[in-house]
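S.K.:
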Amino acid sequence: MKVLFIFSVLLSFSAAQAGQEYLVKFTKEGVKVKNQLMASMSAEGSSIENVGLEEWALIKTANSAQAEHVQALRANTQLIAHVQPNYPIRLLENYQQKPSVLAVLRNLLSTGGIGDLTKPPPPDNPAIPPKSSVLNAGPDPLYNKQWGMVDMGVQQAAQVAQGEGVVVAVIDTGVDYTHEDLLPNMWRNPNEIPDNGIDDDHNGFVDDVVGWDFVSNDNKPYDFKTSLMDLLMSGGNPGHGTHCAGNVAARGNNNLGITGVAPKAQIMAIRFLSEKGSGTTADAIKSIKYAVDNGANVLSNSWGSSGEDPNEAQDNQALRDVIKYAQSKNVIFIAAAGNGDSQGKGYNNDTSKQPAYPASYDIDNIVSVAAIDSQNQLGSFSNWGAKTVDIGAPGVKVFSTISGGGYDDTVADLSDFGMGVATWDGTSMATPHVAGAAALYLSAHPGASWQQVKSALLTNSVQIPALQGKTVSGGKLNATGLVR
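The following block contains the structure:
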């Protein structure tokens, strides 16, 4: 009878909500009937699908929306604990330009002044590189371009620890897993046989060798970047995940390019943000759950939103729950503090009506990261908060790996057209520095708890005036201090 009642409510809900997606949390009693409901709704043209957490499901509806049906669903407290929209999630950086600039760019495009890019197919997951390339010792020739690594003393820290044996999940737009400086450090699923079409480790994902793509739902989490024109017209992904991955764990001392903070850590590539720079809460949940369940020790999260939806009474409980799941499994969650308002001006997450999420959630395993520049100043775009932002790290004009090969600190140089230069700036760039540092600490202190990692990051920070009273630690990231 309970099943029939909730099914009738769900059907009325699905018939009323045209093209809408909602995340529903079932009670313990509700979980018992969830699978029956999933099968029944699929037969009716709507659907419920799992998102990784047993008590949560994603409802995709079919017809026009009416709020009373949502309220009816929420009212069944015996089987339903929470209902919320499947909130959109995006990259924090936005390179969209003003209309006057776009008019010039359109003219250049029409005359061949600026080329456009088409989306290529993803490359095959790479084979494990030969030992000769992995162990090709030698200095990283572009290290001195990495002002943040120099400032933190990464080369000195590498004398003690390099992230060996630690897996960092870069949960983002994907990773260019063929990049020369990332390939040797890509995570390899130890229980999966590549390209045999079988889910060898029975984790629900076939041939997930280096991670998973939750946008395309396949085993090639490649970092597709949008075209320059699209990036400037509507925002999107300029190769964000690959740039972040290089900061975490570009291979060090291999006579190539740069080094990451943890130059021998493993990078698990997870894609839930598209080339448009957008994703959903459901895919974020799947991504975090996948990373935790498949052995990631550190989660690097350079994404979020400026507050929950102010027009929606229900907050993003689903995202909170999966972060708490990571905490229960002793996994630390590194999050970008946010890149300010619509004008790119940073604000106080402690007092704002719309603090950046998930960085501002009151969940203990989160480390929220602000961005500083090479002069120890807080980035003008960076959010802060004496209670909600933990530490500062390099996040202005950051030099790192880029999708498609190569290295850069510049996203787009339009100076020849009188429109300036867009550099790799953001709390997104600061976050992977801290994720790499967490990996350093774990390799120097195997078995450490997330509490110990977080405490070490904060207590070993270097105090700087710009962060006094603006972060919990009052300081910037210090790699050498972590491993002393």
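In the working numbering, the protein residues as written are 449 to 932. Just so you know, even glycine gets a beta-carbon here, dropped at the ideal spot from N, CA and C.
Does the beta-carbon of D685 have 16 or more other beta-carbons within 10 angstroms, so that it is buried, or is it exposed?
M.R.: Within the sequence shown, the letter at position 237 stands for residue 685. Looking at the sequence itself, residue 685 is Asn, so the reference to Asp does not match. That one is buried.
S.K.: Specify the secondary structure class of L905 as computed by DSSP and reduced to three states.
M.R.: On the sequence shown, residue 905 is found 457 positions in, with the first residue counted as 1. L905 falls in the helix class under three-state DSSP.
S.K.: Name the residue from G917, L890, Q899 and S822 whose alpha carbon lies nearest to the alpha carbon of K593.
M.R.: Counting from 1 along the sequence shown, the entry for residue 593 is found at position 145. Checked all of G917, L890, Q899 and S822; the closest Cα to K593 is S822.
S.K.: What residue range is occupied by the uninterrupted alpha helix (DSSP H) comprising G933?
M.R.: Outside the shown range of the chain (449 to 932) lies residue 933, about which nothing can therefore be said.
S.K.: Confirm, please, whether the CB-CB distance from I780 to V740 is below 7 Å.
M.R.: Taking the first residue of the sequence shown as position 1, residue 740 is located at position 292. Taking the first residue of the sequence shown as position 1, residue 780 is located at position 332. The answer is no: Cβ separation not under 7 Å.
S.K.: Of the residues L506, L540, K902 and V931, which one's Cα is nearest the Cα of S876?
M.R.: The residue given as residue 876 occupies position 428 in the sequence shown. Nearest of L506, L540, K902 and V931 to S876, Cα basis: L540.
S.K.: Is the separation between the beta-carbon of F829 and that of G794 shorter than 7 Å?
M.R.: Your numbering for residue 829 matches position 381 in the sequence shown. Your numbering for residue 794 matches position 346 in the sequence shown. Going by C-beta atoms, F829 is nearer than 7 Å to G794.
S.K.: For a test of the three-state rule: what should DSSP assign to H691, helix, strand or coil?
M.R.: Counted from its first residue, the sequence shown places residue 691 at position 243. H691 falls in the helix class under three-state DSSP.
S.K.: Can you tell me which of N542, V931 and N573 puts its alpha carbon nearest to the alpha carbon of S726?
M.R.: As a position in the sequence shown, residue 726 is number 278, starting the count at 1. With distances taken between Cα atoms, S726 lies closest to N542.
S.K.: With distances taken between CB atoms, is the gap from S891 to A609 smaller than 7 Å?
M.R.: Residue 891 sits at position 443 when you count from the first residue of the sequence shown. Residue 609 sits at position 161 when you count from the first residue of the sequence shown. For S891 and A609, yes; Cβs fall inside 7 Å.
S.K.: From the DSSP output, in three-state form, read off W961 for me.
M.R.: Given a span of 449 to 932 for the chain in the structure shown, any question on residue 961 remains unanswerable.
S.K.: When burial is assigned at 16 or more other CB atoms within 10 Å of the CB, is R932 buried or exposed?
M.R.: Taking the first residue of the sequence shown as 1, we reach residue 932 at position 484. Its Cβ having fewer than 16 others within 10 Å, R932 is exposed.
S.K.: Curious, which full-length beta strand (DSSP E) runs of at least 3 residues does the stretch 772-844 contain?
M.R.: 780-784, 814-820 and 839-842
S.K.: Just how far apart, CA to CA, sit T509 and E469?
M.R.: Here the question's residue 509 lines up with position 61 in the sequence shown. Here the question's residue 469 lines up with position 21 in the sequence shown. C-alpha separation (whole angstroms): 6 Å.
S.K.: Can you list, in chain order, the residues of its chain with a C-beta nearer than 8 Å to that of Q526? Leave out the 5 residues immediately preceding and following it.
M.R.: By one-based count along the sequence shown, residue 526 stands at place 78. Once the five neighbours on either side are set aside, the close Cβ partners of Q526 are K450, T475, E477 and G478.
S.K.: Would you give the residue range spanned by the beta strand (DSSP E) that G613 belongs to?
M.R.: Translated into positions along the sequence shown, residue 613 becomes position 165. Membership of G613 in any beta strand (DSSP E) is not indicated, and neither H nor E is assigned to it by DSSP.
S.K.: So, is H688 buried or exposed, given that buried needs 16 or more other C-beta atoms within 10 angstroms?
M.R.: Position 240 of the sequence shown, counted from the start, is the residue given in the question as residue 688. The residue in question, H688, is buried, as its Cβ has 16 or more Cβ neighbours within 10 Å.
S.K.: Is it the case that the Cβ atoms of I912 and N813 are separated by a distance below 7 Å?
M.R.: Start at 1 with the first residue of the sequence shown, and residue 912 comes out as number 464. Start at 1 with the first residue of the sequence shown, and residue 813 comes out as number 365. Result no, Cβ atoms of I912 and N813 do not sit closer than 7 Å.
S.K.: Pick helix, strand or coil for G727, following the three-state DSSP scheme.
M.R.: Walking along the sequence shown from the start, residue 727 turns up at place 279. G727: strand per DSSP, three-state reduction.
S.K.: Taking the runs of the beta strand (DSSP E) that are 3 residues or longer, which of them lie wholly in the stretch 867-927?
M.R.: 869-871
S.K.: Looking at the structure shown, is L527 part of a helix, part of a strand, or coil, going by DSSP?
M.R.: Start at 1 with the first residue of the sequence shown, and residue 527 comes out as number 79. Coil, per DSSP.
S.K.: Would you grab the beta carbon distance between W635 and V658 for me? Rounded to a whole angstrom, and I think it's under 8 Å.
M.R.: To locate residue 635, count along the sequence shown from 1; it is residue 187. To locate residue 658, count along the sequence shown from 1; it is residue 210. 6 Å between Cβ atoms; contact.
S.K.: What is the rounded straight-line gap between the Cα of K918 and the Cα of A841?
M.R.: In the sequence shown, residue 918 corresponds to position 470, counting from 1. In the sequence shown, residue 841 corresponds to position 393, counting from 1. So the alpha carbons of these two residues sit roughly 13 Å apart.
S.K.: Please report how far the alpha carbon of V481 lies from the alpha carbon of A487, in whole angstroms.
M.R.: For this step, residue 481 is matched to residue 33 along the sequence shown. For this step, residue 487 is matched to residue 39 along the sequence shown. Each residue's alpha carbon lies about 10 Å from the other.
S.K.: If you run the structure through DSSP and keep just helix, strand and coil, what is A505?
M.R.: Looking up residue 505 in the sequence shown gives position 57. The DSSP-derived three-state label of A505 is strand.
S.K.: Over the uninterrupted alpha helix (DSSP H) stretch that includes Q604, give me the two end residues.
M.R.: What you label residue 604 is simply residue 156 of the sequence shown in a count that begins at 1. Here the alpha helix (DSSP H) through Q604 covers V602 to A605.
S.K.: Checking the sheet assignment: what are the DSSP bridge partners for I718?
M.R.: As a position in the sequence shown, residue 718 is number 270, starting the count at 1. I619 and W660, per the DSSP bridge assignment.
S.K.: Thinking C-beta only, is N797 closer than 7 Å to V837?
M.R.: Along the sequence shown, one-based indexing puts residue 837 at 389. Along the sequence shown, one-based indexing puts residue 797 at 349. Result yes, Cβ atoms of V837 and N797 sit closer than 7 Å.
S.K.: Could you check whether V602 and A927 sit closer than 7 Å to each other, using their CB atoms as the reference points?
M.R.: To locate residue 927, count along the sequence shown from 1; it is residue 479. To locate residue 602, count along the sequence shown from 1; it is residue 154. It is a contact, given that the beta carbons lie within the stated cut-off.
S.K.: Helix, strand or coil for E477? Go by DSSP, reduced to three states.
M.R.: Within the sequence shown, residue 477 is the residue found at index 29, counting from 1. Three-state result, E477: helix.
S.K.: I need the straight-line Cα distance from A717 to A883, nearest angstrom please.
M.R.: Position 269 of the sequence shown, counted from the start, is the residue given in the question as residue 717. Position 435 of the sequence shown, counted from the start, is the residue given in the question as residue 883. Approximately 14 Å, taken between the alpha carbons.
S.K.: Mind checking S790: buried by the 16 CB within 10 Å criterion, or exposed?
M.R.: For the purposes of this step, residue 790 is identified with residue 342 of the sequence shown, where counting begins at 1. By the 10 Å Cβ count, S790 comes out exposed.
S.K.: Relative to the C-alpha of N498, which candidate in G645, A914, D864 and Y738 has its C-alpha closest?
M.R.: Working through the sequence shown from its first residue, we reach residue 498 at position 50. Nearest option by C-alpha distance: Y738.
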